[in-house]
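Protein chains in written order, with my numbering: chain A, 103 to 432; chain B, 10 to 119.
Idealized CB from N, CA, C, for every residue including glycine.
Here the structure is laid out as structure tokens; the discussion comes afterwards.
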């Protein structure tokens with residue numbers, strides 16, 4: 103795997119190179135500044151497959167560099183691991199908001215870093231396999247369409263929406279916060295009503311746009327709090343919302359549905375899509391939940407909303423308008 | 010790229026860090042001299058935020074690396090100093106002096 107490590111401390115870079123070597127990775131390029139990193143990325147004949155970035159660097163910080171790399175062609179999904187001594191939540195949150203895939207705090211353990219790089223390597227391989235299989239198809243148009251067509255259950259990365267990140271990134275974010283004991287987090291699972299029917303009757307592109315609209319509506323609803331939203335597949339979103347005493351599920355649900363209504367989502371033929379979101383009860387993640395338990399909270403929240411919707415056969419208004427719609431149109 | 014057994018990777022890394030120890034000591038020495046100069050400038054003009062930022066940066070970098078070379082207490086002291094300087098804690102200079110003392114012990118290592 104072709105790796106670029108960036109840190110303004112040359113001794114740290116040496117340690118990183120040795121740690122990579124100890125874990126079987128020999129193709130490591132180094133840079134001591136964001137500017138040098140950008141030059142090396144631009145000049146590289148083969149694209150880098152993993153970035154290791156320090157945060158605290160003079161001139162341009164690692165977070166700014168992370169954001170810049172995400173905008174570069176071919177690096178929208180390349181794993182970026184922040185390797186930094188900044189352990190405060192504000193930096194962790196800023197890094198994931200800028201597009202980081204994972205976060206390792208210094209002093210780091212070479213084995214732990216190796217394990218995290220192993221996870222990143224698996225992501226790279228999966229991405230590469232998807233590209234290879236699609237290029238093998240004869241009809242380019244069909245190939246591109248197929249590449250976008252994923253199974254209903256698959257967690258799709260929704261790009262270009264503030265506060266919305268990949269599911270793996272959200273898991274890593276929760277792990278990092280729990281390691282630092284920085285929790286006062288609520289996990290919501292949110293179901294897009296009749297998502298499976300929508301998936302069946304729309305093309306892949308329209309389904310993705312509908313998911314992006316729904317994700318944006320969820321992010322808008324929780325925007326007064328520090329938050330991240332991810333799409334978990336199966337028509338379900340998860341949102342990590344910070345705060346000890348946050349607003350109710352109903353409040354966020356109303357805001358999200360108002361946001362969706364105002365977006366007036368439509369498919370590629372111009373037909374209006376009647377999208378509706380249901381919020382489950384939050385799972386509160388306190389300091390006592392740590393490590394993988396924090397990530398499990400995501401799946402507890404998902405099970406909770408699936409059970410709730412099964413029991414109630416969806417809290418759909420059978421007659422008249424939904425409360426949020428009445429607020430809008432009277 | 011081939012996988013490396015965890016125990017072998019750990020042993021290889023420990024040997025590498027041991028071999029790199031003189032570089033760490035040299036860096037601590039160099040940083041000690043720089044921080045001592047900055048400390049005196051900071052004492053003379055505590056309102057100079059550029060000097061404070063350089064002190065914070067120096068302490069931050071040490072906090073990140075010391076633990077990897079078997080000096081977790083030095084790393085923790087560097088982190089405490091970094092936070093104290095960042096929060097304009099009145100005892101920040103005391104913490105900095107403690108840190109410089111610990112750095113001096115490592116700098117005089119044979």
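Contact list for the region 103-117 of chain A against chain B, Cβ threshold 7 Å: 103, 111, 113, 114, 116, 117
Counted within 10 angstroms of its Cβ, other Cβ atoms place residue 278 of chain A as buried (16 or more) or exposed: buried
Beta-carbon proximity list for residue 72 of chain B, same chain, < 7 Å, skipping 5 on both sides: Within the same chain, residue 72 of chain B has close Cβ partners 84, 87, 88, 91.
Residue 109 of chain B to residue 123 of chain A span [Cα, whole Å]: 33 Å
Cβ distance (whole Å) where residue 382 of chain A is taken to contact residue 407 of chain A below 8 Å: 3 Å
Cα-Cα separation between residue 358 of chain A and residue 126 of chain A, rounded to whole angstroms: 47 Å
Contacts of residue 33 of chain B in chain A (Cβ-Cβ under 7 Å): 113
Residue of A:261, A:374, A:378, A:351 minimising C-alpha distance to residue 434 of chain A: Here chain A covers residues 103 to 432 and nothing more, so residue 434 of chain A does not appear.
Residue-chain proximity (residue 257 of chain A, chain B), Cβ-Cβ < 8 Å: no
Inter-residue spacing [alpha-carbon to alpha-carbon] between residue 209 of chain A and residue 346 of chain A: 30 Å
Contact set for residue 30 of chain B: own chain, Cβ-Cβ below 7 Å, skip 5 residues either direction: 78
Residues of the region 74-100 of chain B whose Cβ lies closer than 8 Å to any Cβ of chain A, in chain order: Result list: 74, 75, 76, 77, 81, 84, 88.
Residue of A:299, A:302, A:341 minimising C-alpha distance to residue 319 of chain A: A:341
Three-state secondary structure assigned by DSSP to residue 372 of chain A: coil
Any alpha helix (DSSP H) of 4 or more consecutive residues that is wholly inside the region 150-175 of chain A: 164-173
For residue 293 of chain A, the first and last residue of its enclosing beta strand (DSSP E): 287-294
Closer than 8 Å to chain B by CB, residue 216 of chain A: yes
As assigned by DSSP and simplified to three states, the class of residue 38 of chain B: helix
Residues that DSSP places opposite residue 309 of chain A in a beta bridge: Paired residue(s): none; residue 309 of chain A is not in a bridge.
Residue 187 of chain A at chain B interface by Cβ criterion, 8 Å: yes
Residue ranges of each beta strand (DSSP E) within the region 338-362 of chain A, 3 or longer: 338-344
The region 278-297 of chain A: positions lying closer than 9 Å to chain B by Cβ: none
Cross-chain neighbours of residue 192 of chain A in chain B, by beta carbon under 8 Å: Neighbours of residue 192 of chain A on chain B: none; closest Cβ ~12 Å, over 8 Å.
Secondary structure, alpha helix (DSSP H): runs of 4+ residues fully inside the region 46-92 of chain B: 58-74
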